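Okay, structure first, notes after.
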Amino acid sequence: MESTEIQEGYQVRLEVFEGPLDLLLFLVKKKKINIHDIQIAVITREYLDYLQKRERINLDREGEFLFMAAFLIYLKSQMLLPREQPALEAEADPRRALVDQLIEYQKMKATSSLLRQKEEEQLRRWLRPFIPPQLASEEEILEVSLFDLAECFYFLMKQKENENFKVLKGREISLEKKMQEIISLLEAQQVIDFLDYLKQQESLEEALVAFFCLLELVKARLVIALQESLFQSIKVWLRRDSQAEESS
Amino acid sequence: MNQNLKEIIEALIFVSAEPLSPEKLKEVLADFPAEEVEKALQELLQSYQADNRGLCLVQSAGGYLLATRPEFDPWVRRLLQIERKTRLSQAALETLSIIAYHQPITTSEIAAIRGVDSTGTLKTLLEKKLVKIVGRRATPGRPLVYRTTDKFLLYFGLNSLEDLPSEEEIARLLEERDIEQS
């Protein structure tokens with residue numbers, strides 16, 4: 001009983017740290033090490049001491065700590081290896097990547113503490129999100145994700161299930177043809193209600209193909225799909241500027 | 001000129017459910033010359049600053065909104081019977097600050113900076129609508145790309161991403177900490 005308590009005590013100590021970099025930064029500060037010139041041997045010993053205080057390591061949650069330990073030992077071995085041609089130009093310091101990572105991490109720590117201050121300040125301001133009641137005619141439009149589309153499809157299929165909608169016809173429906181059909185329908189009607197459109201499909205197979213087509217078209221950024229709220233119908237438009245954007 | 005323009009703007013900001021952008025304001029007040037709307041808006045901002053009121057007019061997420069003054073928080077909470085508002089977890093805050101400064105960014109890039117897997121945290125942030133998926137990157141595996149949302153700006157009281165703490169502010173903070181420690 002007592003021993004488990006002790007173990008938990010150690011656990012808390014590691015959980016204070018958000019990750020291996022957090023622990024490493026803590027040790028660098030504690031040992032007053034210059035971050036640009038880390039003595040790998042010192043820091044590796046400190047780091048391993050810290051891990052060894054624990055009797056067992058939860059690989060799921062603390063695997064990253066072990067990965068860092070392995071990396072430190074690797075670095076240490078790199079530092080020990082004699083160089084054939086010493087100081088041949090500015091030879092890449094094996095510590096470079098680690099130092100860069102630590103500096104970036106330190107910066108991130110600083111920004112998150114600045115954001116925390118802003119959060120504290122904002123939490124003391126109260127806005128009025130509950131009022132006013134929006135007029136019903138005002139359509140709130142939100143761009144839906146693929147998940148919403150999939151959910152909607154699932155919802156519809158549930159409805160169809162109740163109608164004993166099970167017969168699969170042998171007719172082949174090609175994705176291309178269906179896409180053409182949807183595009184030309186959109187060109188003619190500007191907007192289509194996708195749930196209605198699915199309902200018009202003769203078979204489950206055809207409805208499935210139509211749904212895949214919509215996903216493809218959204219992915220290709222040829223159409224826009226909008227849903228007013230969850231489980232409601234999805235409206236589909238042609239995208240004006242159907243050119244691929246973002247994803248730098 | 002309509003004498004009440006300033007008051008009209010105040011009314012419009014009051015009823016807005018989300019920050020009222022200057023563009024939207026000018027659209028609604030199309031009957032008035034744009035420069036007069038702008039002038040009245042500035043006057044309104046000044047009068048809120050000058051007068052001692054329970055509310056303040058703040059600029060956030062690209063628009064204007066009314067909020068209670070922070071110092072009256074204890075009374076507001078007593079009325080609403082709210083002990084304390086929940087804050088973001090440290091992991092969420094770290095992930096968010098990485099996304100804010102490095103957007104558009106992928107999950108693995110976030111993990112590389114934090115040194116730990118951040119998928120779970122990212123999911124929470126998506127649920128809270130503080131970040132959004134904006135597409136996929138055209139690299140192997142086509143990873144999802146993330147950005148912060150307007151709700152992120154609103155949450156931290158920022159008007160735009162330019163309002164994020166600058167490099168200098170961060171450097172200053174780091175220096176102060178070094179001094180504290182030595």
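Protein chains in written order, with my numbering: chain X, 1 to 248; chain H, 1 to 182.
Glycine included, each C-beta is placed from N, C-alpha and C at the ideal position.
A quick note: this is a predicted structure, and the numbers were derived from the prediction, not measured.
Between the Cα of residue 89(H) and the Cα atoms of 128(H), 106(H) and 113(H), which residue gives the shortest distance?
The shortest C-alpha to C-alpha distance from residue 89(H) to any of 128(H), 106(H) and 113(H) is the one to 128(H).
Should residue 66(H) and residue 79(H) be called a contact, given that it needs their Cβ atoms to be closer than 8 Å?
The Cβ atoms of residue 66(H) and residue 79(H) lie no closer than 8 Å to each other.
For residue 75(H), does the count of other Cβ atoms within 10 angstroms reach 16, so buried, or fall short, so exposed?
By the 16-neighbour rule on beta-carbons within 10 angstroms, residue 75(H) is exposed.
CB of residue 173(X) within 8 Å of CB of residue 206(X), strictly
Yes, Cβ-Cβ distance for residue 173(X) and residue 206(X) is below 8 Å.
Identify, in the order they occur along the chain, each residue of the same chain with its Cβ nearer than 8 Å to the Cβ of residue 186(X), setting aside the five sequence neighbours on each side.
192, 223, 236, 237 and 238, listed in sequence order.
When you compare the CB of residue 217(X) with every CB in chain H, is at least one pair closer than 8 Å?
It does not; no Cβ of chain H falls within 8 Å.
Which bits of chain H does residue 110(X) rub up against, with CB to CB less than 7 Å?
The answer, in chain order, is 170, 173 and 174.
Short of 7 Å Cβ to Cβ, which residues in the stretch 19-43 of chain X face chain H?
Taking 7 Å as the Cβ-Cβ cut-off against chain H, the residues of the stretch 19-43 of chain X that qualify are 19, 20, 21 and 29.
Quick one: what does DSSP say residue 135(H) is sitting in, helix, strand or coil?
Strand.
Pick out the complete alpha helix (DSSP H) segments inside the stretch 26-52 of chain X, 4 residues or longer, and give them in chain order.
Counting only runs of 4 or more, we get 40-52.
Going along chain H in order, which residues have a C-beta closer than 8 Å to the C-beta of residue 105(X)?
Here the neighbours are 113, 114 and 115.
Rounded separation between residue 11(H) and residue 120(H) - CA only:
Approximately 42 Å, taken between the alpha carbons.
Which complete beta strand (DSSP E) runs does the stretch 53-82 of chain H hold, if anything under 3 residues is left out?
The stretch 53-82 of chain H contains these whole beta strand (DSSP E) runs: 55-60 and 63-68.
With 8 Å set as the bound, which would you pick, yes or no: does the beta-carbon of residue 131(H) sit closer than that to a beta-carbon of chain X?
By the rule that beta-carbons nearer than 8 Å mark a contact, residue 131(H) does not touch chain X.
CB-CB length for residue 131(H) against residue 148(H), believed under 8 Å:
Contact holds; Cβ gap of about 6 Å.
If you draw a straight line from the alpha carbon of residue 21(X) to that of residue 114(H), how long is it in whole angstroms?
One C-alpha to the other measures close to 7 Å.
How is residue 238(X) classed by DSSP in three states: helix, strand or coil?
Of the three classes helix, strand and coil, the one that applies to residue 238(X) here is strand, per DSSP.
Taking just the CA atoms, how far does residue 115(X) sit from residue 166(H)?
Cα-Cα distance, rounded: 12 Å.
Taking 8 Å as the cut-off, decide whether the C-beta atoms of residue 42(X) and residue 35(X) are in contact.
With respect to residue 35(X), residue 42(X) sits apart: the two C-beta atoms are not nearer than 8 Å.
For residue 45(H), does the three-state DSSP call read helix, strand or coil?
Of the three classes helix, strand and coil, the one that applies to residue 45(H) here is helix, per DSSP.
Could you check whether the Cβ of residue 12(X) sits closer than 8 Å to any Cβ belonging to chain H?
Interpretation of residue 12(X) is limited by its pLDDT of 43, a score under 50 that renders its predicted location unreliable; the figure taken from the coordinates is listed afterwards. Residue 12(X) has a beta carbon lying at 8 Å or more from every beta carbon in chain H.
Comparing alpha-carbon positions, which option in 124(H), 135(H), 92(H) and 93(H) lies nearest residue 105(H)?
Considering only alpha carbons, the answer is 135(H).
Below-8 Å beta-carbon distance, residue 126(X) vs any chain H residue
At least one chain H Cβ lies under 8 Å of residue 126(X).
Count Cβ pairs between the stretch 100-117 of chain X and the stretch 75-83 of chain X that sit closer than 8 Å; are there 3 or more?
With a cut-off of 8 Å, the stretch 75-83 of chain X and the stretch 100-117 of chain X do not count as touching, because too few Cβ pairs lie within range.
Nearest neighbour of residue 52(X), chosen from 227(X), 60(X) and 65(X) [CA to CA]
Closest option to residue 52(X), judged by alpha-carbon separation, among 227(X), 60(X) and 65(X): 65(X).
Cβ of residue 85(H) within 8 Å of any chain X Cβ
Chain X, which has a Cβ nearer than 8 Å to the Cβ of residue 85(H), makes this yes.
When the Cα of residue 152(X) is compared with those of 128(X), 195(X) and 70(X), which residue comes out closest?
Taking only the C-alpha atoms, the option nearest residue 152(X) is 195(X).
Say yes only if the C-beta of residue 41(H) is nearer than 7 Å to one or more non-hydrogen atoms of the ligand FMN, and no if none qualify.
The model on display carries no ligand, and the ligand FMN is accordingly not part of it.
Quick check: what's the CA-CA separation for residue 25(X) versus residue 106(X)?
Whole-angstrom Cα-Cα distance: 8 Å.
For residue 96(X), which of helix, strand or coil comes out of DSSP?
Taken through DSSP and simplified to helix, strand or coil, residue 96(X) comes out as helix.
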